[in-house]
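If you're matching positions, the sequence shown starts at 1 in full-length UniProt numbering and goes up one per residue.
The C-beta atom is built at its ideal place from N, Cα and C for all residues, glycine as well.
Here the structure is a predicted model, which is why all the values come from computation and not from measurement.
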Amino acid sequence: MPRKTVQKPFTITVIVQGTVIKDNYSGDGKRVSGFRRNYKHADILKLKMKARTLLDGRKKLPVFKVKDELMKQLMEHRVSVVIGETGSGKSTQIPQFLMKQIKGKIAVTQPRRVAAINLATRVSEEFGCDVGRDVGYAVRFNNATSYKTMLKYMTDGMLLREMMLDPLLSDYSAVIVDEAHERTILTDMILGFLKELLVRKRKDDKNFRVIVMSATLDADKFSAFFNKAPIFFIEGRLFHVDRYYLPHSVDDIIDSMVKSIIQVNQEQTKGDVLCFLPGQEDIDKVTSILHQIAPALPREAPMIVPLPLYAALPPQQQLKVFDKVKPHQRKVILSTNIAETSVTIPGVRYVIDSGLRKIKVWRHELGLSTLLTVPISKASASQRTGRAGREAPGKCFRLYTENDYIKLSQNTEPEIIRSEIVYPVLMLKRLGVDDILNWFWLENPGRSALIAALQQLYALNALSDSGKITDLGEQMAVLPVTPHLGAVLIQASKFGVLSTVMDIVACLSVDNLILTPPSEQRDVINAKRRETCTLGDRYGDLVMLKELFNIYNDISSSDERRIWCKSLGVSYKGFKNVLRIRKQISQYMDSMDGRKNEKERHSGVEDGNKSKNDDSNEDEIKTSVPLNYELVLKSFLKGFITNTAIGMPDRSYRTVTSGDTISIHPSSLLFGKKIDAVMYIEHVYTMKGYARNVSAIKTDWLREMAPHCLDRG
């Protein structure tokens, strides 16, 4: 009798249009079980598995050791101040602790966009979700959140914009103000608004939490501001860092930095190098030098990989500092103070500190700004040193003497004391604050500075004669640009030249778009700019920006764009940012019905140059060619009427409002020309007063565009 064949149970799995179909069969071919699951579920499982692998590392952070005690304080008090030393894990872990304790959304503010993006990315990995789902971020011109987002990392400016739409912050159960020690204008403004919320608008909401987090020990001021809020200290996880000083002060910080990098690379064992330089121009110079000399360095030393890091870099460029390099390579990160506390870069064992930073000081009595390179504070020096001791013992090489260090101030001066405050004052007016002199200032900027800001807003028609915010001021307050540029955009919409003006405003919103050529190339590049920008040579720098925008936008190849940018001394990275910002400005104007107003008033000034699709990607912006640049310049005059000057016989200029003497900056296409009247975007002081981003205007435009301002001036 033949033996009966016994079949083993088997499984059939197929994927149909993104769905996993899995069926289990018995030996006789009967289906006994199975399931259908959306294919994305597999991705979710992968995210959750990664989160589990990260948990062990999280538990080793100092903040985990005090989790219970910390959460007890945070839940018992409406306001708490948390001092977390470098490496404590406060920025990533405390928001996650809160998510499990409170209902409602949590906002975490950061002074810098790169920190907001990086923290949201890291925390989403630890939480086990994609960025933009449970955990997301919102920064200027970039929003990665959804209706499911419960933890939102954002720049302080983004939270302030949300406050203007919802002064009660009713969506949030907690606001965490991180890096409060940096004392930026917007951080100080957030603290003032939060105190007002607690004292007046949400005083009965016992579930609303405010947490102020700082990386330095100077917490008493924050505590006192919030009525003696309790302070909680979290120890850091720092290894010992040896400090080295120069025997003598140096004048050439670029040369000293390059020599120090080469020496560290040749003499020190494995580990990456983090270098602190004052600004972008210094970083670009050192980066260029390192690329030039790298092939000539000894082969036995690691190969140097220079990586710049500053706020103006596109996000994808900034993230390169976190990439691993090949064996026998060493990352050399060249950074501004952005890497002091906002960004933690793994692998750094050595820090080279220039001891300098760049700040812009606004002199409200003169209406001009001065860009200064100044010594850092002792607190900043300590933070920079600590970057070398995050993962192992490290070394910090200070490019200044020990006596220079002793002379440093203890803490960094609050930004609000030395900066223009037109936008903060506009925000206060937008939120109905009448007595701005006695508002909830953490650091009062002073009566004269506040009055100067009110006068500028009045000149922009943002305030009425009685000091109340106007409809125009309401519109300006919600745009993602300065009040001056907001006034320009709104006027351009009325004149029918909005598309062209958006192109120029986007260019003005990017720092260092037009680069300063090396001295040996300056004449050649300036001549090429004049040859390329024929209209700019006639009308000035704003029209030049428009011409450059058109040419860049019409080049389809990335390689060709790079070559073109280099030939004209303009920033390729900067123009990539311009296209992204331009798209976002367009979306904001759409939300204000700006385009509707433009169409209603359109009179053939522009050639119907609306983008092919405002929701398209950055490369799909259609070039616009206005037929009348006078209306473009008149639009800018609406926002910069106080930045005008009349030409004198000696080719200097006298400002209309104050009568001060000013000269056209050598970088301008109008430099050396005799012009009846000029408008400028920025008034800076180096050896003397200079006008930057200059345009030629007609004197009769002044009274036409803002008679109320000139009558009072």
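- For A116, no beta strand (DSSP E) segment is defined; the enclosing uninterrupted segment is the alpha helix (DSSP H) at R113 to F127.
- Apart from the 5 residues on each side of it in sequence, V250 sits with its Cβ closer than 6 Å to the Cβ of S256 in its chain, given in chain order.
- The way I'd put it, the region 458-471 doesn't touch the region 508-527; fewer than three beta-carbon pairs between them come closer than 8 Å.
- Checking the DSSP bridge columns, you'll see M303 partnered with Q329.
- By the criterion of at least three beta-carbon pairs nearer than 8 Å, the region 135-142 is not in contact with the region 62-69.
- Among the bridge pairs identified by DSSP, C275 is matched with L334 and I352.
- Here V425 is actually not in contact with L399; their C-beta atoms are around 39 Å apart, not less than 8 Å.
- The Cβ atoms of F208 and R202 lie closer than 7 Å to each other.
- About 6 Å separates the beta carbons of T699 and D676, which is inside the 8 Å limit, making them a contact pair.
- Scanning G446, N265, I345 and V694 for the CA closest to the CA of P414 turns up G446.
- The three-state reading of DSSP puts D590 in helix, counting H, G and I together.
- Collapsing the DSSP output to three states places H181 in a helix.
- In the structure shown, I681 adopts extended strand secondary structure according to DSSP, grouped into three states.
- If you check the CB distance, Q110 and D171 do not come in under 7 Å.
- When Cβ pairs closer than 8 Å are counted between the two stretches, the region 494-502 is seen not to touch the region 524-537, the count staying below three.
- Across the structure, L238 and G89 are spaced so that their CA atoms are roughly 12 Å apart.
- Put simply, the backbone Cα of D56 is about 46 Å away from that of A477.
- Per DSSP, the continuous beta strand (DSSP E) segment holding R243 begins and ends at V241 to Y245.
- A distance of 7 Å or more separates the beta carbons of P517 and G473.
- About 6 Å separates the CB atoms of A116 and M154; that is less than 8 Å, so the two are in contact.
- Relative to K324, the option among F276, D272, T53 and A459 whose CA is nearest is D272.
- Exposure of L371 is indicated by the presence of fewer than 16 other C-beta atoms within 10 angstroms of its C-beta.
- When rounded, the separation of the alpha-carbon atoms in L633 and K221 is 46 Å.
- When rounded, the separation of the alpha-carbon atoms in F397 and I352 is 5 Å.
- If you check the CB distance, V422 and A453 come in under 7 Å.
- Collapsing the DSSP output to three states places P308 in a strand.
- Short of 8 Å from the beta carbon of R133, and not among the five residues preceding or following it, lie these beta carbons of its own chain, in chain order: S124, S146, K148 and T149.
- A Cβ-Cβ separation of about 14 Å leaves K326 out of contact with L307 under the 8 Å criterion.
- Inclusion of I646 and V694 in the CB contact set at 7 Å is not warranted, their separation being larger than that value.
- Rounded to the nearest angstrom, the gap between the Cα atoms of I417 and L515 is 29 Å.
- Per DSSP, the unbroken beta strand (DSSP E) holding T644 starts and ends at T644 to G647.
- Under the rule that a run must span 3 or more residues, no beta strand (DSSP E) segment is found entirely inside the region 414-489.
- According to the DSSP assignment, Y405 belongs to the alpha helix (DSSP H) that extends over E402 to K407.
- A straight-line Cα-Cα distance of about 44 Å links M705 and A339.
- Y147 is bridged by DSSP to nothing; it lacks a bridge partner.
- By the Cβ-count criterion, E85 is buried, with 16 or more other Cβ atoms from all chains shown falling within 10 Å of its own Cβ.
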